[in-house]
Amino acid sequence: MYRWILGGFILLVAGYGHAQQVFKCVNGKDVSYQSDPCPGAAVKSWDAAPVLEPSNAEQWRIYRMRRQLDQRYANDRGAAASASGGMGSANRSNACESARRGRAAAYEAAGVKRDFAMSSYWDNLVHSACK
328 MYRWILGGFI LLVAGYGHAQ QVFKCVNGKD VSYQSDPCPG AAVKSWDAAP VLEPSNAEQW
388 RIYRMRRQLD QRYANDRGAA ASASGGMGSA NRSNACESAR RGRAAAYEAA GVKRDFAMSS
448 YWDNLVHSAC K
């Protein structure tokens, strides 16, 4: 029982340890925001917690979800293009742009951790959508 209480207390204290205080200082017409207290009285001050960047695992999870959605939508677009007959070129144009946007989003999410398999997948998807 005491372990749970101690663990909860440690997590509570650790969460507050990362927060920083921000001060808004005004000197005439100059306004500045700083982490050090203002010389004189601060116009406003507040606690600010840093924003964490998503981890690689989170980026890959988003990539996999986008990939699944793109595959699902590509199948839907293919069925719609075959059913529409004369509207095939308009659907191909939309599919091409959609594939390009998906590739750009996936590359942005992966960043420099992009590998050959990922690049090959997206390039092939764009190629097949834009031909």
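For the sequence shown, counting from 1, position 100 maps to 427 in the numbering used here; every step adds exactly one. For every residue, glycine included, the Cβ atom is placed at its ideal position computed from N, Cα and C.
Item: Exposed unless 16 or more other CB atoms sit within 10 angstroms - verdict on Cys352; Value: buried
Item: Secondary structure of Asp374, DSSP reduced to three states; Value: strand
Item: Residues bridged to Gln361 (per DSSP); Value: Phe350
Item: Cut-off 8 Å between Cβ atoms - residues of its own chain near Arg393, not counting five sequence neighbours on either side; Value: Gly429, Ala432, Ala433, Ala436
Item: For Ser382, three-class secondary structure by DSSP; Value: coil
Item: Beta-carbon proximity check, Val349 vs Trp373, cutoff 8 Å; Value: yes
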